[in-house]
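Participant: Using our numbering, you'd call the opening residue of the sequence shown number 319 and step up by one each time.
Beta carbons: idealized from backbone N, C-alpha and C, even for Gly.
Remember, it's a predicted structure, so these values are computed and weren't measured experimentally.
Before I ask anything, let me first share the structure, which is written out below as structure tokens.
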Amino acid sequence: MRIVQVTTDSREHFKDYGRPEPYFGMAPEALLSGFAELPGVEVHVVSCLRQPVAASPKLADNIFYHPLLVPKSGWMSTLYQGCVRSVRSVLRDIRPDIVHGQGTERDCAFSAVHSGYPNVVTIHGNMAEIERLGLHGHPWYGKAASVLENHTLRRTRGVFCNSRYTEELVAPRTPKTWRVPNAIRSAFFKARIDPETTNLVPVLVNIGLVCPRKRQLDILLAARELAEQGYKFKIIFIGHFSTATSYGSRFGEALAHAETYGYASYGGVLETEPLIDLLDRSHGFIHFPSEEAFGLVVAEAFARGLKFFGADLGGVKDIATGIPGAELYESIDGIKTGIARWLKAGAPRSPEAADEMARLYAPAVVAARHVEIYQEVLGR
């Protein structure tokens with residue numbers, strides 16, 4: 319089977335055009351590693367970019383990469399017409415059996431449904447719901463992305479939904495849905511080599527773009543209250559962070575106080591191995607978004623044996639319900655109470671969840687399920 323994955327090269331997303339190799343979001347990257355383990359599939363990854371990048375024609379023995387240069391006029395301002403035309407052009411050479419658009423945030427799903435080939439899409443972020451909740455940082459973009467998402471979902475053969483929450487939002491707008499979780503990157507399943515290196519002071523990790531939807535400021539203010547009550551711990555925030563936004567500026571001010579008193583710090587943006595090393599030296603994980611389609615970082619934290627405190631909503635609930643060591647709360651006050659109780663108990667990790675994560679989210683398992691669905695779509 320010849321499969322095309324239309325996805326965003328992170329060199330485009332982060333304007334990191336000088337990087338020599340392509341890299342992708344966590345979920346597409348893990349899925350590709352799963353395809354690399356499957357016999358009988360040939361995968362072509364297609365990404366649109368605004369600037370030239372170094373060529374990497376093969377990502378694995380059965381995975382090929384096609385970066386497409388699209389001028390500024392071909393993006394959102396023209397409803398991605400340049401992206402659509404470029405994708406259609408390269409597909410004439412590839413001649414795929416099926417085209418899979420990864421995400422409605424940008425051009426990928428839109429290009430897939432206008433490819434001229436049988437197609438499916440995956441929802442990573444629910445654009446219409448995020449726009450309804452007023453959580454887009456740029457209102458014009460949010461409205462446009464919402465309209466394009468509705469257009470896309472009506473025209474595809476079906477939608478991969480990574481949680482019950484996403485499926486409930488999507489089902490009324492598309493012909494067919496399949497609930498398929500995102501895969502966890504393979505590196506997160508390796509053995510924890512040296513647990514004796516765990517930090518003596520309990521450490522919790524938070525991962526994500528610092529923004530209102532991820533509510534890191536709420537977490538930081540709750541941490542301050544716990545610290546002022548005498549609890550000893552530290553929260554390390556990982557992810558892109560800019561003080562150029564109002565939210566980022568306020569977070570930065572609160573973070574400066576936290577770093578002075580030692581109850582929180584900012585760890586930057588980490589590659590996979592340093593991130594795993596941090597998780598293995600930590601005790602807990604906290605994730606408290608106001609909206610979340612899936613929450614792959616939660617599954618990855620479980621795979622490394624961390625205690626979890628999270629928001630009782632969306633895809634977070636799907637991942638965490640029934641998993642040892644998971645505590646879900648509707649309010650930040652609930653999370654604060656849960657963390658206090660956990661700290662009093664000695665801040666134990668929760669290693670029991672790792673086997674369940676491998677059963678559900680291993681890349682080859684998720685990739686094989688994708689192939690089954692492709693065969694269903696194609697009537698094979």
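Judging by CA-CA distance, which residue of Gly652, Val371 and Ala611 is the nearest neighbour of Ala273?
Facilitator: There is simply no residue 273 to check, as the chain begins at 319 and stops at 698 in what is shown.
Participant: Taking 8 Å as the threshold, find out whether the segment 633-645 comes into contact with the segment 575-594 through three or more Cβ pairs.
Facilitator: As far as the Cβ criterion goes, the segment 633-645 does not touch the segment 575-594, which means the pair count is below three.
Participant: Please state whether the Cβ-Cβ distance between Pro681 and Leu349 is less than 8 Å.
Facilitator: Their beta carbons are under 8 Å apart, which means Pro681 touches Leu349 by this criterion.
Participant: In whole angstroms, give me the CA-to-CA distance for Gly434 and His601.
Facilitator: Whole-angstrom Cα-Cα distance: 49 Å.
Participant: Count the C-beta pairs between the segment 404-411 and the segment 349-366 that are closer than 8 Å, then say yes if the count reaches three, no if not.
Facilitator: At 8 Å Cβ cutoff, the stretches touch.
Participant: Classify Gln534: buried if its beta carbon has 16 or more other beta carbons within 10 angstroms, exposed otherwise.
Facilitator: Counting Cβ neighbours within 10 Å, Gln534 comes out buried, since at least 16 surround it.
Participant: Can you give me the Cβ contacts of Gly419 inside the same chain, cut-off strictly under 6 Å, excluding the 5 residues immediately before and after it?
Facilitator: Same-chain partners within the cutoff: Val324, Cys426, Ala427, Ala430 and Val439.
Participant: Pick out whichever of Leu466, Cys366 and Pro436 has its Cα sitting closest to the Cα of Ala446.
Facilitator: Per the Cα distances, Leu466.
Participant: First and last residue of the beta strand (DSSP E) that includes Leu367?
Facilitator: Note, Leu367: beta strand (DSSP E), Glu360 to Leu367.
Participant: To the nearest angstrom, how far is the alpha carbon of Ala489 from that of Val519?
Facilitator: When rounded, the distance between both Cα atoms is 46 Å.
Participant: Of the residues Asp415, Ser464 and Leu387, which one's Cα is nearest the Cα of Arg424?
Facilitator: Looking at the Cα atoms, Ser464 is the closest of the given residues.
Participant: Distance check for Asp334 and Val388, CA to CA, integer angstroms please.
Facilitator: Roughly 16 Å between the two C-alpha positions.
Participant: If you draw a straight line from the alpha carbon of Leu597 to that of Leu624, how long is it in whole angstroms?
Facilitator: Straight-line Cα distance between these residues: approximately 8 Å.
Participant: According to DSSP, what are the bridge partners of Tyr383?
Facilitator: Note: Tyr383 sits in a beta bridge opposite Val363.
Participant: Considering only residues of the segment 511-595, which uninterrupted beta strand (DSSP E) runs meet the minimum length of 3 residues and lie entirely inside it, listed in chain order?
Facilitator: Whole beta strand (DSSP E) segments, 3+ residues: 521-525, 552-556 and 582-584.
Participant: Which same chain residues end up closer than 7 Å to Pro689 when comparing Cβ atoms and leaving out the 5 residues on each side of it in sequence?
Facilitator: Rather than Pro, the amino acid found at residue 689 in this sequence is Val. Around Val689: Met319, Leu356 and Val359.
Participant: Is the CB-CB distance between Arg622 and Arg510 below 8 Å?
Facilitator: For Arg622 and Arg510, yes; Cβs fall inside 8 Å.
Participant: Would you say Leu544 and Ile657 are within 8 Å of each other, going by their C-beta atoms?
Facilitator: It is a contact, given that the beta carbons lie within the stated cut-off.
Participant: Fully enclosed by the segment 616-666, which alpha helix (DSSP H) runs are 4 residues long or longer?
Facilitator: Complete alpha helix (DSSP H) runs here, min 4: 632-638 and 650-662.
Participant: In angstroms with no decimal places, state the Cα-to-Cα distance between Ala685 and Phe353.
Facilitator: Their Cα atoms are separated by approximately 6 Å.
Participant: Are the segment 471-487 and the segment 549-564 touching by the rule of at least three beta carbon pairs closer than 8 Å?
Facilitator: Too few Cβ pairs lie closer than 8 Å, so no.
Participant: For Ser374 and Asp327, I'd like the C-alpha separation in whole angstroms.
Facilitator: Spanning the two alpha carbons is a distance of roughly 12 Å.
Participant: Between Glu700 and Gly697, what straight-line distance do the alpha-carbon atoms span, to the nearest angstrom?
Facilitator: Beyond the ends of the chain as shown, which are 319 and 698, falls residue 700; an answer cannot be given.
Participant: So, is Tyr383 buried or exposed, given that buried needs 16 or more other C-beta atoms within 10 angstroms?
Facilitator: Buried.
Participant: State yes or no: is the C-beta of Phe606 within less than 8 Å of the C-beta of Ala629?
Facilitator: Closer than 8 Å, so yes.
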